[in-house]
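J.: In full-length UniProt numbering, the protein residues as written are 1 to 145.
Every residue gets a Cβ at the ideal spot worked out from N, C-alpha and C, and that includes glycine.
This is the structure, below, for whatever I ask next.
Next comes the structure, spelled out in structure tokens:
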């Protein structure tokens, strides 16, 4: 309250309007302005104290809420990390199984292709051997050996 009175005192009372005088606020000749305002500011003291109490309580509630939120967030992060580890393992196992199945399909396809090539080679082998023998016979007859 004294701060408000100090502010009021800075506004020097001056005389009634008229000739040039010092700068200030005109003086209220009816009653002392500070005397009137003392009661008003005294009535505000309880409200100011209540506001401070509300502000303090609100600050504590905010701090409690922030602490609770941080604790909850830390728990959520921990749970997420735990779940992520398990899910990574599951995904890795699924990908490994898929890769193994693909490898086995590729091997089976390669075996089938190799068998087809082998069969084709065996079928052509008789023809090629006959062609080589015919050529050798022809060369032998030409050379007379």
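According to DSSP, simplified to helix, strand and coil, what is residue 121?
T.: Note: residue 121 maps to helix in three-state DSSP.
J.: Taking only three categories from DSSP, how would you classify residue 144?
T.: Coil, per DSSP.
J.: Express the C-alpha separation of residue 115 and residue 85 in angstroms, rounding to a whole number.
T.: The straight-line gap from Cα to Cα measures roughly 45 Å.
J.: Could you compute how far the alpha carbon of residue 73 sits from the alpha carbon of residue 99?
T.: Rounded to whole angstroms, residue 73 to residue 99 spans 38 Å at the Cα level.
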